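Here is the structure we will look at.
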Amino acid sequence: MKSARLTRYAWLSISAAIATMALKTVAFMVTGSVGLLSDAVESVVNLVGGIMALAMLTIAARPADENHAYGHSKAEYFSSGLEGGLILVAAIGIGAAAISRLLAPKPLAELGVGLAVSIVASLVNLGVAMLLLKVGREQNSITLEANAKHLLTDVLTSAGVVLAVGVVALTGWLVLDPIIALVVAANIVRTGVGIVKRSVSGLMDIVLSAPDQAAVRRVLQSYEQQGVQFHELRTRQAGAQKFVSVHVLVPGAWTVHEGHKLLDQIEADIRHALPEAVVFTHLESLDDPASWDGKAP
50 MKSARLTRYA WLSISAAIAT MALKTVAFMV TGSVGLLSDA VESVVNLVGG
100 IMALAMLTIA ARPADENHAY GHSKAEYFSS GLEGGLILVA AIGIGAAAIS
150 RLLAPKPLAE LGVGLAVSIV ASLVNLGVAM LLLKVGREQN SITLEANAKH
200 LLTDVLTSAG VVLAVGVVAL TGWLVLDPII ALVVAANIVR TGVGIVKRSV
250 SGLMDIVLSA PDQAAVRRVL QSYEQQGVQF HELRTRQAGA QKFVSVHVLV
300 PGAWTVHEGH KLLDQIEADI RHALPEAVVF THLESLDDPA SWDGKAP
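Note that this note's numbering has the sequence shown beginning at 50, numbered continuously upward.
In structure tokens, the structure reads:
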């Protein structure tokens, strides 16, 4: 299954997190910069998030069973939700360390070596993040997307930290080091809140994206030109899985065979527009007033 194939990218994320965590820790130990410490702490969160992503993608790959008739795809939301929460926890820790250093500034050392190591770590994160984002969007995996956006946030904050520490080296403004760490913490909070909100929306059965809904409506409109009508169109997203249900109204004189053949065509066309979507259709008569009872707004 698709989710099973995606686990290899989770392993890549874990490997990158271990490598960058080691590099950034070295950078912090060499320089003593709290800004670089904040960068290293976020890499620890990357590692935990990568491990959680691997676990949830493995669960999501399981086929439907007697107790989970619609599969396990929603497991991905637990991964992205946890990662968002971990990001917020990391931000609190970074903020506390920054405030402490702001109140008691300390000189930095070996900045050249520390910055070089940090830049190498950021390049590793950038390469992995771009790959995960590409695959996540292609495969509609919120887990990989969340992981990729976290890594990209890490890259951006690392760039800010490197720039600030570089300015400290040139000017001797030690107070700039904890200030940039606080800015990093604020940016991490913004990213974490966004990831958590998206995860909650998924668990609450949010509708498909506007482009996906438009694709379904185009399919239905092509049949409306033939005199067929539709209502009760409902969609939802569960991890990488998309669900579409719709009531199809045909002339009352049609036979069951004719109606069933039409439903097969409609379902096939929707699946063509949205690959791997699960489509449910319900046949009703245009001539029966009861067909319109409970029509969705």
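In this text, a Cβ means the ideal position worked out from N, Cα and C, and glycines have one as well.
Because the structure is a prediction, the values reported are computed rather than measured.
Check, Outcome
"Beta-carbon spacing of V297, I319 below 8 Å", "no"
"Q275 burial status per 10 Å Cβ neighbour count (16 or more: buried)", "exposed"
"Beta-carbon proximity list for I228, same chain, < 8 Å, skipping 5 on both sides", "A147, L151, A213"
"A76 vs V177 beta-carbon contact at 8 Å", "no"
"Assigned secondary structure, K123 (DSSP; H/G/I helix, E/B strand, else coil)", "coil"
"Coil, strand or helix - A326 by DSSP", "coil"
"Residue environment, S122, which counts as buried when at least 16 other CB atoms sit within 10 Å", "buried"
"Cut-off 6 Å between Cβ atoms - residues of its own chain near S334, not counting five sequence neighbours on either side", "G301, S340"
"Classification of K291 by the beta-carbon crowding that lies within 10 angstroms, buried from 16 upward", "buried"
"Alpha-carbon to alpha-carbon, V90 and Y126", "23 Å"
"C-alpha distance - A109 paired with V233, whole-angstrom precision", "33 Å"
"Counted within 10 angstroms of its Cβ, other Cβ atoms place H199 as buried (16 or more) or exposed", "buried"
"Residues that T304 bridges to, as DSSP identifies them", "In DSSP, T304 forms no bridge with anything."
"Collapsed DSSP secondary structure at A352 in the structure displayed", "Here the chain covers residues 50 to 346 and nothing more, so residue 352 does not appear."
"Separation of V256 from P346, as counted between CA atoms", "Note that P346 scores 40 on pLDDT, short of 50, meaning its location in the model is unreliable; the coordinates nonetheless yield the value given after this. So the two alpha carbons sit approximately 14 Å from each other."
"Given 8 Å, three or more beta-carbon pairs between the region 89 to 107 and the region 215 to 228", "no"
"DSSP-derived helix/strand/coil call for A287", "strand"
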